[in-house]
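Protein chains in written order, with my numbering: chain A, 29 to 90; chain B, 30 to 351. Everything on this sheet refers to the single structure shown next.
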């Protein structure tokens, strides 16, 4: 699941968090990835059975 | 699935987050310790707070303000929260729910002010009535009401959740324009003066990726959605530019901002009009101002008489100067 705006996509096979962000064209510095409810680092492996949330962390700062 | 194996720099246990600017990974426990150390370092270095301070935290329901309130309570400070209902449609409804839930779950005091109920307008209406970008009226309203609540509530310090990314982005914008006036007052501590409370920013050593991770690891349910009126504003453009640089050269954002404070800010002392302008009382509300009618009262006078404007009419209009 991706946020802001919220949408869901399916990604096949295994890939790392960093590879997923690169695949989606999302900067690592402005996103966190939550796998099955747990925060995971850039080299964590994401598999086809995992539920993954890609959460942006940038706010307007007003 | 099993993580590929990055380890916590401190305990060698499984890491939950990688921090390129520290060239390190951390487990949950040691990441949270790192965050607290960074906040303590900012508080001590810039003399932001003392143990006897009565603190008012400006709370939006987002990650930064809730993380900040959580950290300050953990550090033992007496800190109440202040939430301002801005009237930005569902966004404000949800942000208020997050702020209230956080306070209720922890038995903390949350003061609430509603622009619509208490002053007869909201931010979308103010934007239309003043013909300014939404962020303009929003900033004016929040600054005035934060100051007012702190002074009237007897709080010695007003604390806001501006993080390293926020401050670096503002610095980037001010530097692009070489705006000496704004550069001279871009400090993490503004002392109390002439009816203004002391204001401090204890999160200036933490990135927003780190404050968001703090909330996730602490189980804090914050408002993830972005303000619909901030979409496309220059502040977000500057953040994206700085994050591109950060990706190539980790640590650049921290060096840009923190070295500004260390090396440049001292040279700019005395260049801010705020340090020399004489203040007097606003003829309407009594707040300190350099003109006859303060900026907040000008917003109120134009907006309260205007027909309410729904947020949908102004979506994505935040492309103003900050």
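A virtual CB, placed ideally from N, CA and C, is assigned to each residue, including glycine.
Within chain B, partners of residue i - CB distance below 7 angstroms
{"i": "residue 57 of chain A", "result": "238, 272, 275 and 276"}
{"i": "residue 31 of chain A", "result": "253"}
Short CB-CB distance (under 8 angstroms) between residue i and chain B
{"i": "residue 86 of chain A", "result": "yes"}
Contacts that residue i makes with chain A (C-beta to C-beta distance below 7 angstroms)
{"i": "residue 35 of chain B", "result": "69 and 71"}
{"i": "residue 268 of chain B", "result": "86"}
Cβ of residue i within 8 angstroms of any chain A Cβ
{"i": "residue 264 of chain B", "result": "yes"}
{"i": "residue 40 of chain B", "result": "no"}
{"i": "residue 91 of chain B", "result": "yes"}
{"i": "residue 96 of chain B", "result": "no"}
{"i": "residue 332 of chain B", "result": "no"}
{"i": "residue 31 of chain B", "result": "No answer about residue 31 of chain B holds up, because its pLDDT of 45 lies below 50 and its placement is not dependable."}
Listed by chain order, chain B residues near residue i by CB distance under 9 angstroms
{"i": "residue 62 of chain A", "result": "245"}
{"i": "residue 83 of chain A", "result": "241, 245 and 253"}
Neighbouring residues, chain A, relative to residue i (Cβ below 8 angstroms)
{"i": "residue 47 of chain B", "result": "69, 70 and 71"}
{"i": "residue 44 of chain B", "result": "69"}
Where residue i meets chain A, residues with beta-carbon distance less than 9 angstroms
{"i": "residue 54 of chain B", "result": "69, 70 and 71"}
Beta bridge counterpart(s) of residue i as assigned by DSSP
{"i": "residue 229 of chain B", "result": "B:188 and B:218"}
{"i": "residue 63 of chain A", "result": "A:66 and A:80"}
{"i": "residue 46 of chain B", "result": "B:55"}
{"i": "residue 27 of chain B", "result": "Outside the displayed span of chain B (30 to 351) sits residue 27 of chain B, for which this structure offers no information."}
{"i": "residue 83 of chain B", "result": "B:107"}
{"i": "residue 30 of chain A", "result": "A:35 and A:82"}
{"i": "residue 44 of chain A", "result": "A:73"}
{"i": "residue 36 of chain B", "result": "B:43"}
Problem set entry | Within the region 104 to 180 of chain B, ranges of the alpha helix (DSSP H) (whole runs, at least 4 residues) | 118 to 135 and 152 to 159
Quiz item: Of all the alpha helix (DSSP H) runs that stay within the bounds of the region 294 to 343 of chain B, which reach a length of 4 or more residues?
Solution: 324 to 332
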